[in-house]
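Numbering (the numbering used here), first residue to last: 16 to 59.
Don't be surprised by glycine CBs; every beta carbon is placed ideally from N, CA and C.
Quick caveat: nothing in here was measured; it's all calculated off a predicted structure.
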């Protein structure tokens, strides 16, 4: 939930500001200390 993709897009579009909001409560992560090769990328 870091939103870095928004920063990259804004940079590519030469935008000077980005609309954002802070979550009042952060959700728990889906995975912790899992090797990227073990993540279910192909599963829905």
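> Hey, would you say residue 33 sits closer than 8 Å to residue 20, going by beta carbons?
Replying inline: Residue 33 sits at position 18 when you count from the first residue of the chain shown. Residue 20 sits at position 5 when you count from the first residue of the chain shown. Their beta carbons are not under 8 Å apart, which means residue 33 does not touch residue 20 by this criterion.
>> According to DSSP, is residue 26 part of a helix, a strand, or is it coil?
In response: Position 11 of the chain shown, counted from the start, is the residue given in the question as residue 26. Helix.
> What separation, rounded to the nearest whole angstrom, lies between the Cα atoms of residue 55 and residue 27?
Replying inline: Start at 1 with the first residue of the chain shown, and residue 55 comes out as number 40. Start at 1 with the first residue of the chain shown, and residue 27 comes out as number 12. In a straight line, the C-alpha of residue 55 is about 30 Å away from that of residue 27.
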